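Accompanying notes for the structure given below.
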Amino acid sequence: MSTLNKERENISAMFNNIAENYDRLNRILSFGIDRKWRKRVIKHIKSKDAKYVLDLACGTGDLSIEMYKEGISVVGVDIAQKMLDIANIKCNSAIISNKATAITNDKPKFILGSAEEIPFTPLTFDAVTIAFGIRNFQDRNIALKEIHRVLKRGGCISILEFAVPRNIIWKRLYLFYFNTILPLIGSVISKDKEAYKYLPESVKDFPQYDYFIDELNRAGFVNLRYRTLTGGVAVLYTAQKKI
Ligand SMILES: C[S@@+](CC[C@H](N)C(=O)[O-])C[C@H]1O[C@@H](n2cnc3c(N)ncnc32)[C@H](O)[C@@H]1O
Numbered sequence: 000m001s002t003l004n005k006e007r008e009n010i011s012a013m014f015n016n017i018a019e020n021y022d023r024l025n026r027i028l029s030f031g032i033d034r035k036w037r038k039r040v041i042k043h044i045k046s047k048d049a050k051y052v053l054d055l056a057c058g059t060g061d062l063s064i065e066m067y068k069e070g071i072s073v074v075g076v077d078i079a080q081k082m083l084d085i086a087n088i089k090c091n092s093a094i095i096s097n098k099a100t101a102i103t104n105d106k107p108k109f110i111l112g113s114a115e116e117i118p119f120t121p122l123t124f125d126a127v128t129i130a131f132g133i134r135n136f137q138d139r140n141i142a143l144k145e146i147h148r149v150l151k152r153g154g155c156i157s158i159l160e161f162a163v164p165r166n167i168i169w170k171r172l173y174l175f176y177f178n179t180i181l182p183l184i185g186s187v188i189s190k191d192k193e194a195y196k197y198l199p200e201s202v203k204d205f206p207q208y209d210y211f212i213d214e215l216n217r218a219g220f221v222n223l224r225y226r227t228l229t230g231g232v233a234v235l236y237t238a239q240k241k242i
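So that you can map any letter, position 48 of the sequence shown is 47 in numbering that gives the first Met the number 0, and since no number is skipped, the others follow by simple counting.
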C-alpha cells in the first residue's frame, strides 16, 4: 500500500511548482537520455500507423511535439496548467523553426484534464502514450479503464516509465544516484526539495516489469510486452485494445 500522497491537487501543485525548471532538470538528471527514450515511444506508435494520438500526462509537451513533427495529430492532456503553458510556448516555437519543413498536420492541442476522467468520447484515439506520468496517477485502475474507453478497437498504448534495474551492480549504482545525487541536484535547481525526493520514492512505489503487465492484462489489454531501456532504468510497456 502506497504512503505517497497522490491526490490530484497535491500532484498538480508539485508539477506547477517545478514547471519552469522541469525540462532543464530532465536533461541534466538523465544525461540527455530521456530524449532517446521518448523516440522509442514514437517508433512504436509509427510502427502501428497511429494517426491520432492522446499524449496523457503530456507535461511540457516534449513527446507531443516530437510526435507532431513526425506528422502525427496529437492531443496532450495534463493536470498541471503551468506544464501545459510551457508545452504551448514550446510548440509555437517548434512551428516557427520548422516552417521550412512544412508540417501539414494540425498543431497539437494541450488540454487541462486528468487520466481518471479523460475529456473525450469513447473510441476516439488510435493510440495513447504516457511518458513518465503513470506512476503519479491517483488511481491507476480507473485511468487504465479510461484509456481503454477512449481508444479505438485495435488501438495501442505505449507507456514509458522509470524502473529499478534488476542487475545487482547496475541497481546499486542507480539507487545511489537516485537516492542521493538526483534529489540534491533537483532540489538545488528547482528549489523544491519535496518534488525530487518524491521522484525516487514514486519510482520504487510503481509496480514494475511483469507486475505492471498484469495490471494492463486485468484492464483488458492484449499483446502485452515490455522492453527495458538503458539497462532497465526505464521500461517501455506496449499493449493493444482488442479488435
Ligand atoms: C514527470 S512528468 C512527465 C511529463 C511528460 N510526459 C514528459 O515526458 O516529460 C509527469 C506529468 O504527469 C502529470 N500527471 C500526474 N497525474 C496525472 C493525472 N492523474 N492525469 C493527468 N496528468 C497527470 C503531471 O502533471 C506531470 O506533468
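For glycine and all other residues, C-beta sits at the position ideal for the given N, C-alpha and C.
Remember, it's a predicted structure, so these values are computed and weren't measured experimentally.
(1) Is it the case that the Cβ atoms of L174 and W36 are separated by a distance below 7 Å?
(2) Keeping to the same chain, check which residues put their C-beta closer than 6 Å to that of Q239; ignore five residues upstream and five downstream.
(3) In the DSSP output, what is S157 paired with across the bridge?
(4) Are there three or more Cβ pairs, one per stretch, closer than 8 Å when the segment 47-57 is compared with the segment 68-84?
(5) In its own chain, which residues sit with a C-beta less than 8 Å from the C-beta of I27, not counting the 5 before and 5 after it?
(6) Would you say N16 touches ligand 1, meaning its beta carbon is less than 6 Å from a heavy atom?
(7) Using 8 Å as the Cβ pair cut-off and three pairs as the minimum, do the segment 14-32 and the segment 41-50 touch?
(8) What did DSSP end up calling A99 once you bin it into helix, strand or coil?
(9) Per DSSP, what kind of secondary structure is V221 in: helix, strand or coil?
(10) Pick out whichever of R152, K241, D138 has its Cα sitting closest to the Cα of S113.
(11) So, using beta-carbon positions, are I10 and N135 closer together than 7 Å?
(12) What number of angstroms, rounded off, separates the C-alpha of I110 from the C-alpha of K38?
(13) What number of angstroms, rounded off, separates the C-alpha of V163 from the C-alpha of K203?
(14) Measure the alpha-carbon distance for V40 versus T2 and round it to whole angstroms.
(15) At the level of alpha carbons, what is the spacing between A233 and T120?
(16) Run the proximity test for L24: is its beta-carbon closer than 6 Å to any non-hydrogen atom belonging to ligand 1?
(17) Would E160 and A142 be called neighbours here (beta carbons separated by less than 7 Å)?
(18) Thinking R7 and I85 are a contact (beta carbons under 8 Å), I'd like their distance in whole angstroms, please.
(19) Out of P118, K170, I129, which one is the CA nearest neighbour of I148?
(20) Which same chain residues, not among the five before or five after N25, have their C-beta less than 7 Å away from its C-beta?
(21) Is it the case that the CB of I141 approaches a heavy atom of ligand 1 more closely than 6 Å?
(22) Let me know if T179 comes out buried or exposed under the rule of 16 or more other beta-carbons within 10 Å of its beta-carbon.
(23) Could you tell me which uninterrupted beta strand (DSSP E) segments, each at least 3 residues in length, are contained entirely in the segment 30-59, listed from first to last along the chain?
If we stick to the structure as given:
(1) The count along the sequence shown starts at 1 and reaches residue 174 at position 175. The count along the sequence shown starts at 1 and reaches residue 36 at position 37. Not closer than 7 Å, so no.
(2) Position 240 of the sequence shown holds residue 239. Taken in chain order, the residues that qualify are C155, V221, N222.
(3) What you label residue 157 is simply residue 158 of the sequence shown in a count that begins at 1. S157 is bridged to T128, T237.
(4) yes
(5) For the purposes of this step, residue 27 is taken as the residue at position 28 of the sequence shown. The answer, listed in chain order, is I184, I188.
(6) Position 17 of the sequence shown, counted from the first residue, corresponds to residue 16. Result no, Cβ not under 6 Å from ligand 1.
(7) no
(8) Locating residue 99 in the sequence shown gives position 100, where the first residue counts as 1. Any reading at A99 must be qualified, since the residue scores a pLDDT of 45, below 50, and its modelled position is unreliable; the value itself is stated next. Looking at A99 - three-state DSSP - the assignment turns out to be helix.
(9) For the purposes of this step, residue 221 is identified with residue 222 of the sequence shown, where counting begins at 1. Of the three classes helix, strand and coil, the one that applies to V221 here is strand, per DSSP.
(10) Here residue 113 is taken as the residue at index 114 of the sequence shown, counted from 1. Comparing Cα positions, the closest option is D138.
(11) For the purposes of this step, residue 10 is identified with residue 11 of the sequence shown, where counting begins at 1. For the purposes of this step, residue 135 is identified with residue 136 of the sequence shown, where counting begins at 1. It is a contact, given that the beta carbons lie within the stated cut-off.
(12) Locating residue 110 in the sequence shown gives position 111, counting from the first residue. Locating residue 38 in the sequence shown gives position 39, counting from the first residue. Computed Cα separation, rounded: 23 Å.
(13) Locating residue 163 in the sequence shown gives position 164, where the first residue counts as 1. Locating residue 203 in the sequence shown gives position 204, where the first residue counts as 1. About 7 Å.
(14) For the purposes of this step, residue 40 is taken as residue 41 along the sequence shown, with counting starting at 1. For the purposes of this step, residue 2 is taken as residue 3 along the sequence shown, with counting starting at 1. So the two alpha carbons sit approximately 30 Å from each other.
(15) In the sequence shown, residue 233 corresponds to position 234, counting from 1. In the sequence shown, residue 120 corresponds to position 121, counting from 1. The alpha-carbon atoms of A233 and T120 are separated by roughly 31 Å.
(16) Taking the sequence shown and counting its residues from 1, one reaches residue 24 at position 25. For ligand 1, not one heavy atom lies less than 6 Å from the Cβ of L24.
(17) As a working mapping, residue 160 is identified with position 161 in the sequence shown. As a working mapping, residue 142 is identified with position 143 in the sequence shown. No, the Cβ-Cβ distance between E160 and A142 is not below 7 Å.
(18) Numbered from its first residue, the sequence shown carries residue 7 at position 8. Numbered from its first residue, the sequence shown carries residue 85 at position 86. The pair is not a contact, with the Cβ atoms about 20 Å apart (cut-off 8 Å).
(19) For the purposes of this step, residue 148 is taken as the residue at position 149 of the sequence shown. It should be pointed out that residue 148 corresponds to Arg in this sequence rather than to Ile. Out of P118, K170, I129, P118 has the C-alpha closest to the C-alpha of R148.
(20) Numbered from 1 along the sequence shown, position 26 holds the residue referred to as residue 25. Cβ within range, chain order: D33.
(21) Position 142 of the sequence shown, counted from the start, is the residue given in the question as residue 141. Result no, Cβ not under 6 Å from ligand 1.
(22) Translated into positions along the sequence shown, residue 179 becomes position 180. Label assigned to T179: exposed.
(23) 51-55
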